[in-house]
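Remarks on the structure that follows.
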Ligand code: PEP
Ligand code: MG
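See the structure below:
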């Protein structure tokens with residue numbers, strides 16, 4: 003009998019799955035050495051051509067971005083790699099060999115590239131040896147691109163994906179196979195792969211450090227996304243215990259649905275707006291089912307993550323109109339592309355400090371054409387009057403002014419073309435960089451609303467990488483600096499008569515709700531799965547008590563003291579009033 007083994011990680015997305023593991027090892031390039039049947043040959047060639055095309059597209063993108071960032075000269079290596087893929091004589095010779103020798107494309111391609119490599123290596127010249135590394139890179143890219151689909155299609159629909167690391171793109175790709183959970187060695191609670199799994203309502207445990215080494219595909223496992231527990235080879239008794247927990251959770255969710263149409267107000271009648279954070283189109287169904295509410299943050303990055311490229315204006319319009327219609331008459335705040343950080347295109351350039359790098363509004367203001375196109379698509383989709391535009395990663399007043407100028411130019415273009423759009427469309431910004439917090443008063447005079455992105459604000463304010471499991475205990479939403487920063491932002495917004503919401507994950511943490519309301523937040527934009535629970539909490543809070551809680555927290559100088567008081571408040575004033 004195989005022994006049960008328990009691993010502890012970070013709970014990243016709630017829920018329980020009892021199932022089978024699928025080990026995802028994308029970095030290992032494996033060459034398929036088997037012979038092909040006659041019937042498989044044409045398919046194999048088609049697959050090879052597709053992989054070449056995809057690799058060429060990825061490299062072209064890298065080449066373009068690279069030229070912009072580091073100049074033509076330094077970018078030549080990518081050009082050289084593209085050249086290999088454009089060499090029809092070389093590619094055709096691979097195809098001919100596949101037909102003749104009936105071996106897999108990856109085997110033949112690998113073999114041909116190795117032949118080239120041997121020539122370069124024998125030149126006994128450092129420059130030539132470096133070129134060998136370049137062509138090896140091309141080989142890995144093409145083989146990986148041939149493997150990608152196969153890898154995913156092999157996954158059984160009810161598997162739990164176990165990996166060393168998952169990118170947002172991987173997470174999205176797997177979600178199409180209806181996977182039942184994610185478990186990774188790396189990552190923290192606010193890494194985008196974790197956010198995406200919450201958005202997909204798929205249980206996830208991250209930061210388990212060794213899990214990808216400890217399991218193999220097909221192993222029996224349980225993941226508990228509430229506690230951050232991963233159990234390998236669970237015993238009968240353990241399975242029974244978790245089945246019970248699973249059923250209780252399902253019952254609890256059903257009960258919460260009953261409060262959907264009750265007003266979102268405190269006991270003393272202060273109305274708090276509650277909206278949802280939406281990451282994908284698929285999630286919008288949630289709005290109809292649970293929410294009957296607006297969307298406080300619609301992340302548009304999935305549009306390019308799924309496509310591997312920027313979406314066209316028409317594709318964007320289709321998406322934005324669809325979401326505006328589904329949400330109508332409630333508002334939807336659509337955030338312009340927040341690329342960079344851990345939300346990378348498959349072909350994005352590696353930066354040594356991506357979170358402090360070319361990200362969000364910085365990319366939009368550098369690549370104005372892409373920005374203009376997105377603003378135009380947003381305006382053209384806004385005729386129902388319920389779309390608001392939000393800019394991410396603002397760190398200076400100039401960025402806001404420049405963005406407004408561009409928005410005005412796009413509006414003028416539409417005016418001169420006689421095209422219709424919402425002339426009162428609101429423009430807001432994310433406050434998620436410490437410099438924006440310091441400038442909140444001035445920024446509030448320029449825009450219609452603020453939305454606080456605590457995921458980034460905490461990471462930048464405390465200098466704690468949001469995705470690094472080694473320091474996840476230092477990512478503290480109740481750090482005194484965070485509480486004081488929130489207070490400053492909220493007060494600046496109110497002084498200038500604009501609404502301030504919070505759309506970072508902190509808004510979805512039940513014990514934090516009283517604190518945020520006490521500090522004066524107008525709106526909470528939360529992950530869909532916790533929306534009923536947070537609303538339930540708001541309905542049992544007394545505004546006057548939340549305000550005195552916030553006042554006392556502002557006096558403390560350590561996280562321990564603040565957390566203690568917050569938890570006590572929750573245990574004494576909130577929990578007893580919540581329905582079981
Ligand atoms: C945030 O930073 O809190 C936020 C909501 O934006 P994202 O998580 O997409 O960076
Ligand atoms: Mg952010």
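Residue numbers (the working numbering): 3 to 582.
By construction, the Cβ of each residue, glycine as well, lies at the ideal position given by its N, Cα and C atoms.
Just so you know, these numbers come straight off a predicted model, no measurement behind them.
Between the alpha carbons of residue 526 and residue 138, how many angstroms are there, rounded? Straight-line Cα distance between these residues: approximately 49 Å.
Hey, out of 366, 245, 419 and 395, whose CA is closest to residue 382's CA? 419
Thinking C-alpha only, which one of 453, 188 and 560 is nearest residue 13? It is 188 whose Cα lies nearest to the Cα of residue 13.
State yes or no: is the C-beta of residue 102 within less than 8 Å of the C-beta of residue 37? Contact check for residue 102 against residue 37 fails: the beta carbons are separated by 8 Å or more.
Write down the C-beta distance between residue 379 and residue 428 rounded to the nearest angstrom, noting that I regard them as a contact closer than 8 Å. Rounded, the Cβ-Cβ distance is 17 Å, inconsistent with contact.
Identify which residue in 581, 549 and 532 has its Cα closest to the Cα of residue 201. Minimum Cα-Cα distance from residue 201 among the listed residues 581, 549 and 532 corresponds to 532.
Which same chain residues, not among the five before or five after residue 443, have their C-beta less than 6 Å away from its C-beta? 494
Using the rule of at least 16 other Cβ atoms within 10 Å of the residue's Cβ for burial, across every protein chain shown, is residue 621 buried or exposed? No information on residue 621 is available, as it lies outside the stretch 3 to 582 that the chain covers here.
Measuring alpha carbon to alpha carbon, tell me which of 21, 279, 304 and 302 ends up nearest residue 180. 21
Can you tell me which of the three DSSP states residue 316 falls into? For residue 316, the secondary structure class from DSSP, reduced to helix, strand or coil, is helix.
Grab the span of the alpha helix (DSSP H) containing residue 391 for me, first residue to last. Careful: residue 391 lies outside any alpha helix (DSSP H), inside the beta strand (DSSP E) at 389 to 393.
Unbroken stretches of the alpha helix (DSSP H), 4 residues or longer, contained in the region 477 to 504: If we require 4 residues or more, the alpha helix (DSSP H) runs fully inside the region 477 to 504 come out as 482 to 497.
Per DSSP, what are the beta-bridge partners of residue 226 in this structure? 18 and 231
Is the region 256 to 265 touching the region 495 to 515, taking contact as three or more C-beta pairs under 8 Å? no
Can you tell me whether residue 449 is buried or exposed? The criterion is at least 16 other CB atoms within 10 Å of its CB, across all chains shown. Its Cβ being crowded by 16 or more others within 10 Å, residue 449 is buried.
Own chain residues within Cβ distance below 6 Å of residue 466, not counting five before or after: 473, 476 and 477
Does at least one heavy atom of ligand 1 sit under 7 Å from the Cβ of residue 470? Outside the cutoff, so no.
In this structure, how does DSSP classify residue 426 when only helix, strand and coil are distinguished? The answer is coil: DSSP assigns residue 426 none of H, G, I, E or B.
Under a three-way DSSP split, which group does residue 267 fall into? In the structure shown, the three-state DSSP call for residue 267 is strand.
Specify the secondary structure class of residue 558 as computed by DSSP and reduced to three states. coil
My guess is that residue 219 and residue 25 are in contact by the Cβ rule of under 8 Å, so how many angstroms apart are they, rounded? 5 Å
Can you grab the Cα-Cα spacing for the pair residue 546 / residue 307, in whole Å? 44 Å
Would you decide whether residue 146 is buried or exposed? Buried here means 16 or more other CB atoms lie within 10 Å of its CB. buried
What does the Cβ neighbour count give for residue 294, buried or exposed, with the cut at 16 atoms within 10 Å? Residue 294 should be labelled exposed.
Give a single yes or no on whether residue 457 has its beta carbon closer than 7 Å to a heavy atom of ligand 2. Yes, Cβ of residue 457 sits closer than 7 Å to a heavy atom of ligand 2.
Considering only C-alpha positions, which residue in the set 544, 539, 492 and 507 is nearest to residue 521? 492
Can you give the Cα-Cα distance for residue 330 and residue 237, rounded to whole angstroms? 49 Å
Can you tell me whether residue 436 sits near ligand 2, meaning its C-beta is under 7 Å from at least one heavy atom of the ligand? no
In the DSSP assignment, the beta strand (DSSP E) including residue 103 goes from what residue to what residue? Segment 90 to 103 is the alpha helix (DSSP H) holding residue 103; no beta strand (DSSP E) there.
Would you call the region 50 to 64 and the region 208 to 216 touching, i.e. three or more CB-CB distances under 8 Å? no
Measuring only the C-alpha atoms, how far is residue 469 from residue 109? 37 Å
Is any non-hydrogen atom of ligand 2 found closer than 7 Å to the C-beta of residue 340, if you look at the structure I gave you? yes
Should residue 252 be labelled buried (16 or more other beta-carbon atoms within 10 Å of its own) or exposed? Burial call: exposed.
Rounded C-alpha distance that separates residue 397 from residue 519: 26 Å
Helix, strand or coil: which one does DSSP assign to residue 44? helix
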